[in-house]
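Under the numbering used here, the sequence shown has 523 at position 422, and the numbering climbs by one with no breaks.
Here is the structure we will look at.
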Amino acid sequence: MFWAVYLPLISTMVTDDGGCGISALVREGNIREAAARACTLAEQAQGSDRIAVLALNGDLHLAIGANEEAEESLRKSQSLVKGTIGQVRLHASRNGAWQALSRGRISTALKCFSSILADDAVAPERRLESLAGECFALHQLGYFDDAIRKLDEMNALSVTMPDASWLRLAQAIRADLTLQAEIRRSPQLGDHIFWTAATFLSRGWQWDGDATIDGLAPLVAKRLHYLQQVRALSEGDALSIGNIKRYLDWSATALPGHQRFFKVEAALAALASGQTSFADALLDARRAKGDHLGSSSAPGRWEFEYLYCLAKLHKQLGRAHESMLQFEQYALCAMQCIRVEVLPAAQHSSVASADGSNVLDDIGVLLPPRYRRAYAYMLDNLGNPNLSVREIAAHIGVTQRSLQIAFKAYVGVSPKDVLQKKRLDRIDSELSADQRTNLSILEVARKWGVPNRSKLANWYRRQHRGKPSDVLTV
């Protein structure tokens, strides 16, 4: 997706590469070379530097679509984090957010980024990174207005930074989103129901061309020049096709795991302007690589734009029956996206399935499926004061030691600490102003498995939350 253009740059802006040239390579758009160099550096780094470089290495591999390598590097980085539970959780939320975004678990990514922003102690660079991440997630969910508001927050914070890099980045992302919106709002794409249902706060914001690109990293400037050509194509300028092809050729090398998204962007513009043969070539290229959705496979949640393009293509080629079949698949896929991703994000809630596959908050997203079931069992039984780590382990058929090792390796904290935190989160939520209850503090604590006042006070101190009564005064 388009966030893959920005993640490498964001990662180098929050991580010092030690003068090894990774940042320069990223700025120029040499992402694969930067990832290879980060991989070598991660093997050599020591101490806290190794944590940061492993995270950087993971980010770069996410950007090029090497998800397995990215997951391994981010897991190693997480396992090395020491400090308070809050610091460990912050690192886990950050890594989990980008991984969730790469997997198409957009509402999960949004929750992870939001949990970082809820921490007042987060460094400005991490706050800016999380605001950018929230913007990407909200845009992909169709909340264009909210995505723009996150960029407004980025702008406000960016002006306090010592240099203009973050401000230029926020302006570039806004230009990106605005150009995407202009392409998708083409009158010829009026039946693209997912996007026509969205509202657009930035209607009065105009693309100012070179003024926006001035001072940007070549990686980002290239992306905006490409979108400018795509918009021109959507308006009927066939001469832009050559420049579009050159960008797609570059993306095949620089960002191979995300090239199909760029092709769909271009296909939308080609269909809007009646350039049917070019759209067909772009979509055929995807089918040739096995990226298409055949009749035997269920449509992926984030494939609906591809399905929409196929429906429009068949219509322009005079294949009414095929067009209708593809449009039905598109509508089904868009509705599935709304049900599974958009609505949970709007409600800030998640529903755990029997196998724990939907327990994908900032902890669940980091765990392998087997241990995710253990986490789901934990959440389902928070109110049981006798719930133990041994019982949770037995539920999935592993030893207590195995469960502890898995949580430490993938999340960075023990299952006991996670259980403690989740109970306190529930207590905090019920005592907070917007969830005010008639129960006493101790009654709320008992409801969530904390049997006595002494244990409650000790847990609050351990989690650096002050006192339970402090929540009532917020």
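Yeah, the Cβ is synthetic: ideal placement off N, Cα and C, and Gly gets one too.
Problem - residue 523 versus residue 483: straight-line alpha-carbon distance, rounded - result: Here residue 523 refers to the residue found at position 422 of the sequence shown. Here residue 483 refers to the residue found at position 382 of the sequence shown. Roughly 8 Å separates the two Cα atoms.
Practice task
Compare the C-alpha of residue 485 against each of 335, 547, 419 and name the closest.
Solution key: Locating residue 485 in the sequence shown gives position 384, where the first residue counts as 1. Comparing Cα positions, the closest option is 547.
Practice task
Check whether the Cβ atoms of residue 261 and residue 225 sit closer than 9 Å, and answer yes or no.
Solution key: Your numbering for residue 261 matches position 160 in the sequence shown. Your numbering for residue 225 matches position 124 in the sequence shown. Yes. Within cutoff.
Problem - C-alpha distance - residue 553 paired with residue 543, whole-angstrom precision - result: Position 452 of the sequence shown, counting from 1, holds the residue named residue 553. Position 442 of the sequence shown, counting from 1, holds the residue named residue 543. Rounded to the nearest angstrom, the two C-alpha atoms are 7 Å apart.
Handout entry: Continuous alpha helix (DSSP H) stretch holding residue 471: start and end
Key = In the sequence shown, the residue the question calls residue 471 occupies position 370. Where residue 471 is concerned, the enclosing alpha helix (DSSP H) stretches over 470–481.
Exercise for the section: Verify whether the separation of the beta carbon atoms of residue 373 and residue 284 is less than 9 Å. Expected result: As a first step, residue 373 is located in the sequence shown; it is residue number 272 there, counting from the start. As a first step, residue 284 is located in the sequence shown; it is residue number 183 there, counting from the start. Here residue 373 is near residue 284, since their CB atoms are less than 9 Å apart.
Handout entry: Distance between beta carbons of residue 232 and residue 254, contact taken as under 8 Å
Key = As a working mapping, residue 254 is identified with position 153 in the sequence shown. As a working mapping, residue 232 is identified with position 131 in the sequence shown. Confirmed, Cβ separation roughly 5 Å.
Practice task
Taking residue 424 as part of the alpha helix (DSSP H), name the residues at either end of that continuous run.
Solution key: Within the sequence shown, the letter at position 323 stands for residue 424. Under the DSSP assignment, residue 424 falls in the alpha helix (DSSP H) whose first and last residues are 421–438.
Handout entry: Coarse secondary structure for residue 540, derived from DSSP in three states
Key = On the sequence shown, residue 540 is found 439 positions in, with the first residue counted as 1. Look at residue 540 here: in three-state DSSP terms it is coil, with no helix or strand label.
Practice task
Compute the distance between the beta-carbons of residue 356 and residue 166, then report whether it is under 9 Å.
Solution key: The residue you call residue 356 lines up with position 255 of the sequence shown. The residue you call residue 166 lines up with position 65 of the sequence shown. Yes, Cβ-Cβ distance for residue 356 and residue 166 is below 9 Å.
Practice task
Round the Cβ separation of residue 370 and residue 334 to the nearest angstrom and send it over; I've been treating them as touching at under 8 Å.
Solution key: Within the sequence shown, residue 370 is the residue found at index 269, counting from 1. Within the sequence shown, residue 334 is the residue found at index 233, counting from 1. The pair is a contact, with the Cβ atoms about 4 Å apart (cut-off 8 Å).
Exercise for the section: Count the other C-beta atoms from every protein chain shown that fall within 10 angstroms of the C-beta of residue 147, then say buried if there are 16 or more, exposed otherwise. Expected result: Here residue 147 refers to the residue found at position 46 when the sequence shown is read from its first residue. The residue is exposed, with fewer than 16 neighbouring Cβ atoms inside 10 Å.
Practice task
Would you be able to state if there are at least three C-beta pairs under 8 Å between the region 465–472 and the region 500–507?
Solution key: yes
Practice task
Indicate whether the contact test is met: 3 or more Cβ pairs, each with one atom in the region 156–165 and one in the region 123–139, closer than 8 Å.
Solution key: Contact between the region 156–165 and the region 123–139 is present, because at least three Cβ pairs lie under 8 Å.
Problem - Simplified DSSP assignment, three categories, for residue 464 - result: Along the sequence shown, one-based indexing puts residue 464 at 363. If DSSP states are grouped into helix, strand and coil, residue 464 belongs with coil.
Handout entry: Local Cβ density within 10 Å of residue 230, reported as buried at 16 or more and exposed below that
Key = Counting from one through the sequence shown, the residue named residue 230 turns up at place 129. Buried is the call here.
Practice task
Classify residue 292 as helix, strand or coil using the three-state DSSP reduction.
Solution key: Within the sequence shown, the letter at position 191 stands for residue 292. Secondary structure of residue 292 (DSSP, three-state): coil.
Problem - Beta-carbon contacts of residue 155 that lie in its chain and below 6 Å, excluding the five residues immediately before and after - result: Stepping through the sequence shown from its first residue, residue 155 is reached at position 54. Excluding residues within five positions, the ones whose Cβ falls inside 6 Å are 143, 174, 177, 178.
Practice task
Could you give the DSSP three-state label for residue 532: helix, strand or coil?
Solution key: The sequence position of residue 532 within the sequence shown is 431, counting from 1. If DSSP states are grouped into helix, strand and coil, residue 532 belongs with the helices.
Problem - Nearest-angstrom beta carbon gap, residue 439 and residue 519 [assumed within contact, 8 Å] - result: Here the question's residue 519 lines up with position 418 in the sequence shown. Here the question's residue 439 lines up with position 338 in the sequence shown. The pair is not a contact, with the Cβ atoms about 31 Å apart (cut-off 8 Å).
Practice task
Look at the alpha carbon of residue 125 and the alpha carbon of residue 161, and state the distance between them as a whole number of angstroms.
Solution key: On the sequence shown, position 24 is the one that residue 125 refers to. On the sequence shown, position 60 is the one that residue 161 refers to. Rounded to the nearest angstrom, the two C-alpha atoms are 13 Å apart.
Problem - Reduced DSSP category for residue 221 - H, G, I as helix; E, B as strand; rest coil - result: The count along the sequence shown starts at 1 and reaches residue 221 at position 120. Residue 221 falls in the coil class under three-state DSSP.
Practice task
For residue 575, count neighbouring C-beta atoms within 10 Å of its own C-beta (all shown protein chains included) and say buried if the count is 16 or more, exposed if not.
Solution key: Here residue 575 refers to the residue found at position 474 when the sequence shown is read from its first residue. The predicted position of residue 575 is uncertain, since its pLDDT is 37 and thus under 50; no value can be drawn from it.
Handout entry: Span of the alpha helix (DSSP H), counted from its first residue to its last, around residue 199
Key = On the sequence shown, residue 199 is found 98 positions in, with the first residue counted as 1. Segment 186–203, the alpha helix (DSSP H) holding residue 199.
Problem - Proximity to residue 274 [Cα-Cα], best of 317, 297, 288 - result: Here residue 274 is taken as the residue at index 173 of the sequence shown, counted from 1. The shortest C-alpha separation from residue 274 is found at 317.
Exercise for the section: Report, in whole angstroms, the separation of the C-beta atoms of residue 614 and residue 415, which I expect to be a contact under 8 Å. Expected result: Past the boundaries of the shown model lies residue 614; the chain is included only from 102 to 575, so the question cannot be answered.
Exercise for the section: Under the assumption that residue 116 contacts residue 153 (Cβ atoms under 8 Å), give the Cβ distance between them as a whole number of angstroms. Expected result: Walking along the sequence shown from the start, residue 116 turns up at place 15. Walking along the sequence shown from the start, residue 153 turns up at place 52. Confirmed, about 5 Å.
Problem - DSSP three-state assignment for residue 486, whether helix, strand or coil - result: Translated into positions along the sequence shown, residue 486 becomes position 385. Reduced to three states, the DSSP call for residue 486 is coil.
Handout entry: Candidates 241, 500, 508, of which the one nearest residue 468 by Cα
Key = For the purposes of this step, residue 468 is taken as the residue at position 367 of the sequence shown. Residue nearest to residue 468 within the set 241, 500, 508 is 508 (criterion: CA-CA distance).
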